[in-house]
Amino acid sequence: MCKLICFVVLIHLNLIVGQYDNLTLISKSRTANLEIYQAFADVVLMSFSLPDNTIYVSFKFIASEEALTVFGCVPRNVSIYLKHGAPPVINPDGALFPEDFRNVSRPAIFDVEFQTDREEVYVNITSPDPGVYYAAVFLAYEDPRFKQISQQGLTRSCDAFVDASVYVKQIDKPSIISELQTVKVTGVANSSNYFTIYVPNNVDHAIINVQSSEINRAILRTQARKPPSKTSYILQENIDNYTISAVFWTEPHVWHYIQFEFGPNSGSLSFEVKFLSSRVLTSSSNSSVLLTNKITDVLRYKQYDLARETAARSFTFSYRLGSELQNNVPVAVNITSNDFTVLRFNLRKGTDIGGTLQYILAFKPRITRSGRMITLEEEPEGNIVVGCIQKNSISVPIFPNLCSTPNSTVRSPLILNKTADNSTVLVPYPESGTWYASFKLFCGSCIPCNCSDACEQKFQSCANDCEKSCTANSSCANCFDSCKQSVIKLQECTQCDCDGGCLKKNASDVCNSSIIFDVSSRPCYYGDCGKQGQCLMMVSEGTAYSTCLCSNNYRGYDCSDGSLATPYGMVLLEFLLLILSNIFFLPVTYLAYRRRYYVEAVSYFCIFLSSTFYHACDAGENILSFCLFRLSTLQFADFFSAVLAIWLTLLAMADLPTVQLSILQMAGSIIIAFCVTLNRYALWIFALPSSVGVVIIGVSWYLKYRKYRQKFIISSYLYVKLPIGISVVSVGLIIYGVLQTQANYKYLHSLWHIIMAAGVFFLLPTNDTFQAEVLL
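Quick note on numbering: the sequence shown equals residues -18 to -1, 1 to 758 in mature numbering (1 follows the signal peptide of the UniProt record, and there is no 0).
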């Protein structure tokens, strides 16, 4: 496995050039308008393709804002998560991941946060993997409970974007070599020579033999898929002798790079590469022996190449045994404690990375028959299955809960025993390529291996000497096995005869079982998002993926994190407040009827109906909601009725003649309906009829004053009701336009209903409001 150490540095381009000259710009792109992160559906997913032979890459990001109003913009925080091979799996909101997500080796995620101030920010990676990098870009997460509900046109409105540029440094076209080819190298001081060699199937390691005319002149490094560097390699050796031999572990069907880095002095050398396979076929046609650089990991295994079955739904496919696929009947895999099992399958580039890969193991029920009697037996208590899953290499299951490769040991994601008769691991947004799922049965007691470092060194020295001198493939393949047998015969090395971390048992202690497995892909979380979410198929910047859109303030990859969800009692309270507060429009309706404002009475009653049904559909967070019609239709009715009521109330206060009143009422209704349809959220929808209505009141009252030349409005309305009504309405407008947040919406918006109804009570004139008191 590659030793990968990547550095993320935030510096300016002149510092980058100081480290790597001749950077080449290979792509520029710009995101769509960024959204504040509430769910993964809000991110803009960018993709960048890196060419082969790239030794260094620098991703440059610049975030900026475009103002949509006269209020200008202030810098906001932008977050970027960058990952190779597949979209990054993130939780910037702190939501919990499902328990089925396990610690599976994945490419590193690079994250950076900066502001929309047009400052340049860089993410730099040395020896990057070739292929596609995916960047999830979004405005930094904000707690939705405290998000202000702002009215369009009353506050700042800005669009945020990120411009991305990719600069690379590629090595000069490396020389292609072949196995056992003697290659001569003439090195220049303070430079490197690069070579590539293709590793075929059934090859898992190689020996490189170097002969140098001078010592301490160069450093040897190797790496798979990408050029090696000081921080990224699978083998690094100082050429401190005239002749050296080194072993490095390889990946099949992959180009490997070899680097000779020369110091302040030039030099010359020659080398050759010899391929070796540690997989020895046994008498069984599908059984092999995995021979690694560890004496404790020389184990027999059976490998099955799985066949793919694809369904019509996106990201829905499964991998099954050939016989199972042909007969369409589940087939169990029989296993023993003598070996372990490997399942190999391939994920396609682009099309397979947007779902969730699931790897499930379960014991097949043990059934015994006695005549007509069928008995279901339990799995023996001591039987334990350790499962592993790894991309590009086979992991050896180690008792009690480890997975081992030639270069690392990690915790096993799957443990199967009597108390847990099935075990699952989920890999969200898996990378394309060859995957290996392995599992091994352990039974009875385990005596841990205590193989000393001295014995391990003897084994490695023996294996290295054997592989250097062997000629035929068959004799080379037996080196590990023969060396292990010779080492464990030594008195001090008897503890090295191991089987998955335990001392190997006698043949009489071998146990067996049957395993049913499921290796498949589903969109979202098992193809669903539970009761609190909806599984969406998204396409962002040309990349398709699935994600959950949660409701009711639930969060997480599967919408199972209810830490911010509203309790049912509060949902019920919100539902009742927003609906019952509309009852205050019924007395206002009756008041308008009694004062002979019949058109106005109809509008107030329409507010009661439309607002009640709209909030019955919109409130309740999809738990108590009742939608008589589509939400958009109910929302239009609510906004239209509210604006129309404001307009009609202002006309009533103007005390216009019947003809002019009828014309303005009808024309205003048509114009308001058009404007609400055009943009019901804009501030001018309320401001326009209110402003025109106030102007009409001013003109009408001025003309009346000119006509009567004295006060024509009764004092109780002019000095008491009108100021109170204006004050009440002003408080309501402040609440509606400034103070509402997601957390207090149910309280303040209900109060807004009550205040506006109270405002009508004070502002709607009576029959004698405009009678001149002094006229005889």
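Glycine residues also receive a C-beta, built at the ideal position from the N, C-alpha and C atoms.
Spatially closest choice to residue i from the options, by CA coordinates
| i | options | result |
| --- | --- | --- |
| C4 | T36, Y19, Y411, S29 | Here residue 4 is Asn; the residue named in the question, Cys, does not match the sequence. Comparing Cα-Cα distances from N4 to each of T36, Y19, Y411, S29, the minimum goes to T36. |
| S174 | N191, S195, P182, R199 | R199 |
| A68 | E413, Y180, S157 | E413 |
| I277 | S434, G551, F441 | F441 |
| P70 | G415, L78, I91 | I91 |
| L665 | F621, L633, T525, I695 | F621 |
| P210 | E243, N223, S195, Q193 | E243 |
| V280 | G719, Y572, T387 | T387 |
| D500 | L746, Q340, G675 | Q340 |
| S443 | F462, S427, G426, C433 | F462 |
| E363 | A23, S427, E233, A725 | S427 |
| T6 | K166, Q163, P33 | P33 |
| L606 | N534, V584, I565, G714 | N534 |
| L251 | L78, D222, L591 | D222 |
| F590 | S614, V119, A619, L610 | A619 |
| I8 | D75, R576, A146 | A146 |
| residue 760 | T323, Y729, A725 | The question about residue 760 has no answer here: the residues shown for the chain are numbered -18 through 758. |
| D750 | I706, L730, F694 | F694 |
Beta-bridge pairing of residue i - partner residues as DSSP gives them
| i | result |
| --- | --- |
| W237 | Y180 |
| T278 | DSSP, once it has assigned bridges, lists no residue as partnering T278. |
| H66 | Y115 |
| V422 | Going by the sequence as given, residue 422 is Lys instead of Val. Note: K422 sits in a beta bridge opposite F322, V368. |
| N494 | T318 |
| T350 | T357 |
| Q516 | L531 |
| K373 | W417 |
| H187 | W231, L258 |
| S443 | Its beta-bridge partners do not exist; DSSP assigns none. |
| F83 | L408 |
Through-space distance from residue j to residue i, alpha-carbon basis
| i | j | result |
| --- | --- | --- |
| S698 | I737 | 21 Å |
| V105 | I44 | 12 Å |
| Y116 | P505 | 19 Å |
| A636 | I628 | 13 Å |
| S542 | N604 | 16 Å |
| T640 | R578 | 13 Å |
| G415 | L329 | 5 Å |
| I696 | Q722 | 37 Å |
| F752 | A634 | 11 Å |
| V709 | T571 | The displayed chain sequence assigns Ser, not Val, to residue 709. Spanning the two alpha carbons is a distance of roughly 21 Å. |
| T178 | K208 | 10 Å |
| Y283 | G482 | 11 Å |
| K256 | N184 | 13 Å |
| Y123 | L685 | 56 Å |
| T748 | F668 | 25 Å |
| D600 | V742 | 25 Å |
| residue 761 | R612 | Past the boundaries of the shown model lies residue 761; the chain is included only from -18 to 758, so the question cannot be answered. |
| W231 | W237 | 13 Å |
| S464 | S545 | 59 Å |
| I654 | F595 | 21 Å |
| N59 | T98 | 7 Å |
| L558 | F143 | 41 Å |
| I159 | G515 | 54 Å |
Cβ-based burial, residue i [other Cβ within 10 Å; buried from 16]
| i | result |
| --- | --- |
| T401 | exposed |
| T631 | buried |
| T225 | exposed |
| T168 | exposed |
| S267 | The predicted position of S267 is uncertain, since its pLDDT is 44 and thus under 50; no value can be drawn from it. |
| Y63 | buried |
| I371 | buried |
| A21 | buried |
| E47 | buried |
| H235 | exposed |
| Y663 | exposed |
| R302 | buried |
Contact test: residue i Cβ vs the ligand HEM heavy atom, cutoff 6 Å
| i | result |
| --- | --- |
| F752 | Judged by which ligands are present, the structure shown has none, so any question about the ligand HEM falls away. |
Check your understanding: At a cut of 8 Å, does the segment 148 to 165 reach the segment 34 to 48 through at least three beta carbon pairs?
Key -> Contact between the segment 148 to 165 and the segment 34 to 48 is present, because at least three Cβ pairs lie under 8 Å.
Exercise for review: Pair every Cβ in the segment 353 to 360 with every Cβ in the segment 312 to 324, then say whether three or more of these pairs are closer than 8 Å.
Suggested key: With the cut-off at 8 Å, the segment 353 to 360 and the segment 312 to 324 do not touch.
Review point. Is there contact here, the segment 291 to 310 with the segment 332 to 347, by at least three beta-carbon pairs under 8 Å?
Key: A contact is defined here as three or more CB-CB pairs under 8 Å, and the segment 291 to 310 meets this definition with respect to the segment 332 to 347.
Practice item. For the segment 519 to 533 and the segment 18 to 35, state whether three or more C-beta atom pairs, one from each stretch, are separated by less than 8 Å. Key: Touching, yes.
Point to revise | Three-pair Cβ contact test at 8 Å for the segment 445 to 455 versus the segment 365 to 379 | key: Counting Cβ pairs under 8 Å, fewer than three are found: no touch.
Check your understanding: Would you say the segment 388 to 396 touches the segment 431 to 438, given that touching needs at least three Cβ pairs under 8 Å?
Key -> Judged by Cβ distances under 8 Å, the segment 388 to 396 makes no contact with the segment 431 to 438, as fewer than three pairs qualify.
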